[in-house]
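In this note's numbering, the protein residues as written are 1 to 599.
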């Protein structure tokens, strides 16, 4: 009996040792693999079991391949790996190739503005004390208005804690102003995007724009307010006036002249007052919506219906969200999953209320704590930035890594201790000089994204049909021909192109880069294919409608005897596909370079 027991014990112990040994090997391999340079979207990308494709996404320096698991139609799933989000100096979209603009709709509007179209392009920049006093945003505003047109400081709330040190506007007030904001438990009226609403029975404001140097430049000064059932008495530059705001959000023009200052008094404590906007008749408007001490979760207090009405009244083209410093309030914190869980529905709510706006999430900048005798970058900062990048991915927002762009680890300590300093000795906040550096860095990244859009010709004029039923792209000088609307293997596509004799031949299969340059997430061509009740079309110019039910295109770049690259034009992604794949909606395009326009 005892011998049998010993045998059992020995067997159990030996089996356990073997199990632990095998497990350690798996852990070692997994740990080693996780250290490789892979894309944020490529670690858990999945494709249906029938299509063992590989998603390819651009990392910092190269194209990195990651074997995909399985999910319907090869779309990227939740990211858990390092990669693209850590790249400095770039606005990143996790849903397109890195050669494509992350903010294409905005860039088209800016291009039109630069080329004479009369319109306003509105940018809302929401954040915490990192942008308080118009820091950072004032630099970006100045640069973007100089390049694309426009002037004026934009929105200024009725009263502000940052007024004494804000240099872009002279701002004083008097009277009995009462305020509700993100910190108010029970609200009487909906908050504006700024997180504030004000009331006054006899309050007065004096505002003077300090951004415009041309004394002849005309500025529109408008009151932004809620409704007042019986109207409200005001004075504008000491002249009495009666207003009748009836909508939930009202923009009442107070003055349009070359006078850069305005004096406003309000005599109705039932009127929800948000602030005054000082802006051009046409051009770029950048509104600073800073609120000290918040994490971004407070945005949940914004009324979705009011946001929707704001978007209808004065639509924003870009919404920037910059938070994070107030999440790092304990030196040893490294887990920010709780924040990610709660902020995702908040951002999605705002996105749903503001159709037509593109969203950009900016990571936290560097922040330090004192560990022992020395100040060092917060130990959890990389985890927070990764969570912010995953937030951008989940909400389909673009992402900008402020931390890496400013220099990464140790930068805030260096900035605070150098002479002249670029940051305060709290080791959190850049000073005026540092904020200007950050603003310039962001603007440089912004312009890189603009250049990626390749907006040298208005989109509708870029493509022309020729007499040979081909399509000529005037931006790239490439001529395209579309194959029959049917599924093709890679060899089918190769044979079709090699036998093509349209206009004296000389056709070839396209490269990945050539196909990706056709991608435009705001366009759609063909009928597309349907999977699980959802339709996926090729997001390219409608002149390519002959692509029909296809959304994927073969490229000439074969990998081995069994695999070659294709491009998913529904998502703008480079894919590794099986050459003999016939059940997927992969189409063939032929291309050639020509030097002159073919009519």
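A virtual CB, placed ideally from N, CA and C, is assigned to each residue, including glycine.
Out of 242, 557 and 421, point me to the one whose CA is closest to residue 435's CA.
-> For the purposes of this step, residue 435 is taken as residue 435 along the chain shown, with counting starting at 1. If we check each option's Cα against that of residue 435, 421 comes out closest.
Expressed to the nearest angstrom, what Euclidean distance is found between the alpha-carbon atoms of residue 217 and residue 258?
-> As a first step, residue 217 is located in the chain shown; it is residue number 217 there, counting from the start. As a first step, residue 258 is located in the chain shown; it is residue number 258 there, counting from the start. Residue 217 and residue 258: Cα-Cα distance of roughly 5 Å.
Decide yes or no for the touch test of the region 163-180 against the region 394-409: beta carbon pairs closer than 8 Å, at least 3 of them.
-> no
What residue from 559, 315, 203 and 522 has the CA that sits closest to residue 102's CA?
-> Looking up residue 102 in the chain shown gives position 102. Looking at the Cα atoms, 522 is the closest of the given residues.
Candidates 429, 330, 433 and 441: closest to residue 407 by CA position = Counting from 1 along the chain shown, the entry for residue 407 is found at position 407. The shortest C-alpha separation from residue 407 is found at 441.
Can you give me the Cβ contacts of residue 347 inside the same chain, cut-off strictly under 6 Å, excluding the 5 residues immediately before and after it?
-> Position 347 of the chain shown, counting from 1, holds the residue named residue 347. So the list reads 395, once near-sequence residues are dropped.
Alpha carbon to alpha carbon, what distance is there between residue 382 and residue 230?
-> Taking the first residue of the chain shown as position 1, residue 230 is located at position 230. Taking the first residue of the chain shown as position 1, residue 382 is located at position 382. For residue 230 and residue 382, the distance between alpha carbons rounds to 54 Å.
Going by DSSP, name the residue or residues bridged to residue 283.
-> On the chain shown, position 283 is the one that residue 283 refers to. According to DSSP, residue 283 bridges with 120.
Segment contact, 8 Å Cβ cut-off, at least three pairs: the region 284-297 with the region 241-258 = no
Let me know the secondary structure DSSP gives residue 235 once reduced to three states.
-> Residue 235 sits at position 235 when you count from the first residue of the chain shown. It is a strand residue.
Which residue or residues does DSSP assign as beta-bridge partners of residue 180?
-> To locate residue 180, count along the chain shown from 1; it is residue 180. Answer is 197.
Could you tell me which uninterrupted beta strand (DSSP E) segments, each at least 3 residues in length, are contained entirely in the region 425-489, listed from first to last along the chain?
-> 463-465, 471-473 and 478-482
Identity of the residue in 337, 202, 374 and 551 nearest residue 331 by Cα = Indexing the chain shown from 1 puts residue 331 at position 331. Nearest C-alpha to residue 331: 374.
Using the Cα positions of residue 405 and residue 88, report the straight-line distance between them to the nearest angstrom.
-> Position 405 of the chain shown, counting from 1, holds the residue named residue 405. Position 88 of the chain shown, counting from 1, holds the residue named residue 88. Approximately 4 Å between the Cα atoms of the pair.
Answer yes or no: do residue 590 and residue 496 have a C-beta to C-beta separation smaller than 9 Å?
-> Within the chain shown, residue 590 is the residue found at index 590, counting from 1. Within the chain shown, residue 496 is the residue found at index 496, counting from 1. Contact: yes.
Compare the C-alpha of residue 554 against each of 160, 578, 546 and 298 and name the closest.
-> Walking along the chain shown from the start, residue 554 turns up at place 554. Residue 554 has its Cα closest to that of 578, out of 160, 578, 546 and 298.
Residue 352 versus residue 468: straight-line alpha-carbon distance, rounded = For the purposes of this step, residue 352 is taken as the residue at position 352 of the chain shown. For the purposes of this step, residue 468 is taken as the residue at position 468 of the chain shown. Going from the Cα of residue 352 to the Cα of residue 468 covers about 44 Å.
Cβ-Cβ separation, residue 203 to residue 266 (assumed contact under 8 Å), whole Å = Position 266 of the chain shown, counted from the start, is the residue given in the question as residue 266. Position 203 of the chain shown, counted from the start, is the residue given in the question as residue 203. Indeed, because the Cβ distance is near 6 Å, the residues count as touching under 8 Å.
Output the distance between the C-alpha atoms of residue 418 and residue 424, rounded to the nearest integer angstrom.
-> The residue labelled residue 418 in the question sits at position 418 within the chain shown. The residue labelled residue 424 in the question sits at position 424 within the chain shown. Rounded to the nearest angstrom, the two C-alpha atoms are 11 Å apart.
Measuring CB to CB, does residue 357 end up less than 9 Å from residue 393?
-> By 1-based counting over the chain shown, the position of residue 357 is 357. By 1-based counting over the chain shown, the position of residue 393 is 393. Result no, Cβ atoms of residue 357 and residue 393 do not sit closer than 9 Å.
Near residue 328, which residues of its chain fall below 6 Å by C-beta distance, leaving aside the five closest residues on each side in sequence?
-> Numbered from 1 along the chain shown, position 328 holds the residue referred to as residue 328. Hits under 6 Å: 367 and 378.
If you check the beta carbons only, do residue 189 and residue 272 fall under 9 Å apart?
-> Numbered from 1 along the chain shown, position 189 holds the residue referred to as residue 189. Numbered from 1 along the chain shown, position 272 holds the residue referred to as residue 272. Yes, Cβ-Cβ distance for residue 189 and residue 272 is below 9 Å.
Cβ of residue 96 within 9 Å of Cβ of residue 85?
-> What you label residue 96 is simply residue 96 of the chain shown in a count that begins at 1. What you label residue 85 is simply residue 85 of the chain shown in a count that begins at 1. Not in contact: residue 96 and residue 85 (Cβ atoms no closer than 9 Å).
If residue 157 and residue 196 are in contact, beta carbons under 8 Å, what's the gap, nearest whole angstrom?
-> In the chain shown, the residue the question calls residue 157 occupies position 157. In the chain shown, the residue the question calls residue 196 occupies position 196. Right, their Cβ atoms sit about 5 Å apart.
In three-state terms, what does DSSP make of residue 405?
-> Residue 405 sits at position 405 when you count from the first residue of the chain shown. Correct three-state label for residue 405: helix.
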